[in-house]
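Engineer: Okay, so the sequence shown: first residue is 2 according to the numbering used here, each after it adds one.
The C-beta atom is built at its ideal place from N, Cα and C for all residues, glycine as well.
It should be emphasised that the depicted structure is a prediction, and the values quoted were computed from it without experimental measurement.
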Amino acid sequence: MKSIKQSIRGCSDYLPEYMRIWRFLETKIINVLNSYCYNEIQFPIIENTELFQRTIGVSTDILLKEMYSFKDKKNNSITLRPEGTIGCVRTIIENKLNSITENRLWYVGPMFRYERPQKGRYRQFNQLGIEVFGISEPEIELELLMIFSRLLHDLKLSNSVYLEINSIGSKRARRLYIKDLVIFLKKYEKKLDIDSKKRIYTNPLRILDTKNKAIQSLLKEAPVILDYLDEKSKFHFEKLCLLMNKVNVKYKINTRLVRGLDYYNDTVFEWKTNSLGSQNTVCGGGRYDTLFQQIGGKSTSAVGCAVGIERLILLIRKESMILKEAASFIDIYLFFLKKEIYFIVLKLAENIRTVFPTLKIKIDFLVSNISNKLRKANRCNTTVALILGEKEVLTKTVLVKNLKNNMQMIVSKKELIKYLKKIFF
Numbered sequence: 002m003k004s005i006k007q008s009i010r011g012c013s014d015y016l017p018e019y020m021r022i023w024r025f026l027e028t029k030i031i032n033v034l035n036s037y038c039y040n041e042i043q044f045p046i047i048e049n050t051e052l053f054q055r056t057i058g059v060s061t062d063i064l065l066k067e068m069y070s071f072k073d074k075k076n077n078s079i080t081l082r083p084e085g086t087i088g089c090v091r092t093i094i095e096n097k098l099n100s101i102t103e104n105r106l107w108y109v110g111p112m113f114r115y116e117r118p119q120k121g122r123y124r125q126f127n128q129l130g131i132e133v134f135g136i137s138e139p140e141i142e143l144e145l146l147m148i149f150s151r152l153l154h155d156l157k158l159s160n161s162v163y164l165e166i167n168s169i170g171s172k173r174a175r176r177l178y179i180k181d182l183v184i185f186l187k188k189y190e191k192k193l194d195i196d197s198k199k200r201i202y203t204n205p206l207r208i209l210d211t212k213n214k215a216i217q218s219l220l221k222e223a224p225v226i227l228d229y230l231d232e233k234s235k236f237h238f239e240k241l242c243l244l245m246n247k248v249n250v251k252y253k254i255n256t257r258l259v260r261g262l263d264y265y266n267d268t269v270f271e272w273k274t275n276s277l278g279s280q281n282t283v284c285g286g287g288r289y290d291t292l293f294q295q296i297g298g299k300s301t302s303a304v305g306c307a308v309g310i311e312r313l314i315l316l317i318r319k320e321s322m323i324l325k326e327a328a329s330f331i332d333i334y335l336f337f338l339k340k341e342i343y344f345i346v347l348k349l350a351e352n353i354r355t356v357f358p359t360l361k362i363k364i365d366f367l368v369s370n371i372s373n374k375l376r377k378a379n380r381c382n383t384t385v386a387l388i389l390g391e392k393e394v395l396t397k398t399v400l401v402k403n404l405k406n407n408m409q410m411i412v413s414k415k416e417l418i419k420y421l422k423k424i425f426f
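(1) What did DSSP end up calling residue 37 once you bin it into helix, strand or coil?
(2) At the level of alpha carbons, what is the spacing between residue 187 and residue 258?
(3) Does the region 30-43 come into contact with the region 95-115, if we say contact requires no fewer than three beta-carbon pairs (one atom in each stretch) closer than 8 Å?
(4) Contact defined as beta carbons within less than 8 Å: I believe residue 170 pairs with residue 267. What is the distance between those atoms, to the nearest angstrom?
(5) With a CB to CB cut of under 7 Å and the five nearest residues on each side skipped, what residues in its chain are close to residue 279?
(6) Do residue 379 and residue 338 have their C-beta atoms closer together than 7 Å?
(7) Identify which residue in 391, 12, 75, 301 has its Cα closest to the Cα of residue 114.
(8) Residues in the same chain with beta-carbon distance under 8 Å from residue 295, minus the five sequence neighbours each way, listed in chain order, please.
(9) Is residue 346 helix, strand or coil when you go by DSSP?
(10) Which residue spans inside the region 344-403 form an unbroken alpha helix (DSSP H) run of at least 4?
(11) For residue 347, which residues from the same chain have a beta carbon less than 6 Å from its beta carbon, with the 5 sequence-adjacent residues on both sides left out?
(12) One question on the structure: do residue 336 and residue 365 come within less than 7 Å of each other, judged by their Cβ atoms?
(13) Roughly how far, in whole angstroms, is the beta-carbon of residue 166 from the beta-carbon of residue 270, given that I think they are within contact range, below 8 Å?
(14) For the candidate residues 174, 273, 274, 277, whose alpha-carbon lies nearest to that of residue 232?
(15) Using beta-carbon positions only, say whether residue 261 and residue 286 come within less than 7 Å of one another.
(16) With a CB to CB cut of under 6 Å and the five nearest residues on each side skipped, what residues in its chain are close to residue 281?
(17) Under 6 Å Cβ to Cβ from residue 363, same chain only, skipping five residues before and after it: list those, please.
(18) In chain order, what residues of the same chain lie with their CB nearer than 6 Å to the CB of residue 402, ignoring the 5 residues before and after it?
(19) What does a CB cutoff of less than 6 Å around residue 420 pick up in its chain, not counting 5 residues either side in sequence?
(20) In angstroms with no decimal places, state the Cα-to-Cα distance between residue 149 and residue 390.
(21) CA-CA distance, residue 229 and residue 138?
(22) To the nearest angstrom, how far is it from the Cα of residue 414 to the Cα of residue 356?
(23) According to DSSP, is residue 215 helix, strand or coil?
(24) Using the beta-carbon count (16 or more within 10 Å), is residue 293 buried or exposed?
(25) Report the rounded CA-to-CA distance for residue 218 versus residue 32, giving the unit in angstroms.
(26) Are the beta-carbon atoms of residue 128 and residue 303 separated by less than 7 Å?
(27) Is it the case that the Cβ atoms of residue 157 and residue 323 are separated by a distance below 7 Å?
(28) Cutting at 8 Å between CB atoms, please list the residues of its own chain near residue 72, excluding the five before and the five after it.
(29) Could you check the C-alpha separation between residue 182 and residue 164 for me, to the nearest Å?
(30) Using three-state DSSP, classify residue 427 as helix, strand or coil.
(31) Quick check: what's the CA-CA separation for residue 125 versus residue 52?
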């Protein structure tokens, strides 16, 4: 039996150093999304199991193998959300928000899938979801791609990822394509692995994104879905490519890109990296214009994407030069040289926090010599140390040491705020 001192397999503990990067990333995300006028939304991590059964697809891996489902005390079947889009759409329908002309929304939160854990793939993981409802034009797909492109730029990761796009057309186009794809695959059935042999009869599109090199080679001769698009889907995809060319968004058309959920139509896309092994998709999404009707709402144009937070953090730690900005630091470190001075230092710290609420201020509660305290402050990447002893209390002054340039001076308490303002602002 596994020790209760260990976390559940596939679930991670996020320690302070990791969370500093997380919050740094979160700030970057919020700044970018605010600049595009997207609004935050949140919804429960549990939903009725039927919601996912009706929308994800009966033959997808998520529905067949990966969902965390259980019965509650009233025998209702409940599922921990495996992804965010479906819950977001349910929220819009229930709260009648799709009566508004358009919605541009985002959310961040945990998702759950019973998968084999490995680097970049966990049983509890976090995603940023970006969803747009009520806009059918390809310009909004371009906007989504530009949002993530800007985030990558701000994280100094633009050279670490590449964009692949495809169109999977309408349901009718996919039916015609799947029919011919199955005919092709059956000719080579003996050469397929066990999973692919099963998928011929359950979900043949999923064979297209196999990691098996031999099957990838075989698929080079397979029919191409772009040849099956109707005029509407073809025009939509060609216009998107034209728009991307005009604004210099670099991309590659991958005709085998299909995504893993059945609710997609027309445009699909993935941002990938070569730095994270087999779990190489950092952001994926596409258009899902039929999802509202599947859940019971009115027909609504929709497009969105999901960004893997843990994978993005892995990439930041490995590739980005921006990591120094997320490092731990202290703005002001306060020391007192006698215990009796503690309350004076405490009051001083609170006064500074009132004037400068964004500064990180720490009080050292241990009494020791100045050299030890300064070494400690330097290890914490401190900008300024404020030191108070008996002499400073009597003269109503503070010894201020700038640890970035090693200069120090005695400043009166009355002038301290003005002095700190010069340093930090």
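Structural biologist: Short version:
(1) Mapped onto the sequence shown, residue 37 falls at position 36. Three-state result, residue 37: coil.
(2) Indexing the sequence shown from 1 puts residue 187 at position 186. Indexing the sequence shown from 1 puts residue 258 at position 257. Distance between the alpha carbons of residue 187 and residue 258 is about 21 Å.
(3) yes
(4) Here the question's residue 170 lines up with position 169 in the sequence shown. Here the question's residue 267 lines up with position 266 in the sequence shown. That pair is a contact at about 6 Å.
(5) Along the sequence shown, read from residue 1 onward, the residue named residue 279 stands at position 278. The answer, listed in chain order, is 212.
(6) As a first step, residue 379 is located in the sequence shown; it is residue number 378 there, counting from the start. As a first step, residue 338 is located in the sequence shown; it is residue number 337 there, counting from the start. No, Cβ-Cβ distance for residue 379 and residue 338 is not below 7 Å.
(7) Taking the sequence shown and counting its residues from 1, the one referred to as residue 114 is at position 113. Looking at the Cα atoms, 12 is the closest of the given residues.
(8) If you number the sequence shown from 1, residue 295 lands on position 294. Here the set comprises 55, 56, 264.
(9) Locating residue 346 in the sequence shown gives position 345, where the first residue counts as 1. In this structure, DSSP gives residue 346 a helical state, which the three-state scheme calls helix.
(10) 371-380, 391-396
(11) Residue 347 sits at position 346 when you count from the first residue of the sequence shown. The beta carbon of residue 347 lies closer than 6 Å to none in the same chain, with the five residues before and after it left out.
(12) Position 335 of the sequence shown, counted from the first residue, corresponds to residue 336. Position 364 of the sequence shown, counted from the first residue, corresponds to residue 365. Residue 365 is positioned such that its CB atom lies closer than 7 Å to that of residue 336.
(13) If you number the sequence shown from 1, residue 166 lands on position 165. If you number the sequence shown from 1, residue 270 lands on position 269. Going by Cβ atoms, the distance from residue 166 to residue 270 rounds to 4 Å, so yes, they are a contact pair.
(14) Here residue 232 refers to the residue found at position 231 when the sequence shown is read from its first residue. Nearest to residue 232 by alpha-carbon distance, out of 174, 273, 274, 277, is 174.
(15) In the sequence shown, counting from the first residue as 1, residue 261 sits at position 260. In the sequence shown, counting from the first residue as 1, residue 286 sits at position 285. Contact: no.
(16) Here residue 281 is taken as the residue at index 280 of the sequence shown, counted from 1. Only 273, 274 meet the Cβ criterion.
(17) Numbered from its first residue, the sequence shown carries residue 363 at position 362. 331, 334, listed in sequence order.
(18) Counting from one through the sequence shown, the residue named residue 402 turns up at place 401. The residues are 386, 409.
(19) Reading the sequence shown from its first residue, position 419 is the one you call residue 420. Apart from the 5 residues on each side of it in sequence, residue 420 sits with its Cβ closer than 6 Å to the Cβ of 412 in its chain, given in chain order.
(20) Residue numbering aside, residue 149 sits at position 148 when the sequence shown is read from its first letter. Residue numbering aside, residue 390 sits at position 389 when the sequence shown is read from its first letter. Answer to the nearest angstrom: the Cα atoms are 52 Å apart.
(21) Indexing the sequence shown from 1 puts residue 229 at position 228. Indexing the sequence shown from 1 puts residue 138 at position 137. In this structure, the CA atom of residue 229 is about 21 Å from the CA atom of residue 138.
(22) In the sequence shown, the residue the question calls residue 414 occupies position 413. In the sequence shown, the residue the question calls residue 356 occupies position 355. So the two alpha carbons sit approximately 14 Å from each other.
(23) Counted from its first residue, the sequence shown places residue 215 at position 214. In the structure shown, the three-state DSSP call for residue 215 is helix.
(24) Residue 293 sits at position 292 when you count from the first residue of the sequence shown. With 16 or more Cβ atoms within 10 Å of its Cβ, residue 293 is classed as buried.
(25) The residue given as residue 218 occupies position 217 in the sequence shown. The residue given as residue 32 occupies position 31 in the sequence shown. Rounded to the nearest whole angstrom, the CA to CA distance from residue 218 to residue 32 is 43 Å.
(26) Position 127 of the sequence shown, counted from the start, is the residue given in the question as residue 128. Position 302 of the sequence shown, counted from the start, is the residue given in the question as residue 303. For residue 128 and residue 303, no; Cβs fall outside 7 Å.
(27) Here residue 157 is taken as the residue at index 156 of the sequence shown, counted from 1. Here residue 323 is taken as the residue at index 322 of the sequence shown, counted from 1. Yes, the Cβ-Cβ distance between residue 157 and residue 323 is below 7 Å.
(28) In the sequence shown, counting from the first residue as 1, residue 72 sits at position 71. For residue 72, where only same-chain residues beyond five positions count, the Cβ hits under 8 Å are 78, 79.
(29) As a first step, residue 182 is located in the sequence shown; it is residue number 181 there, counting from the start. As a first step, residue 164 is located in the sequence shown; it is residue number 163 there, counting from the start. Between residue 182 and residue 164, the C-alpha separation is close to 25 Å.
(30) Outside the modelled stretch of the chain, which goes from 2 to 426, sits residue 427, for which no answer is possible.
(31) In the sequence shown, counting from the first residue as 1, residue 125 sits at position 124. In the sequence shown, counting from the first residue as 1, residue 52 sits at position 51. Residue 125 and residue 52: Cα-Cα distance of roughly 20 Å.
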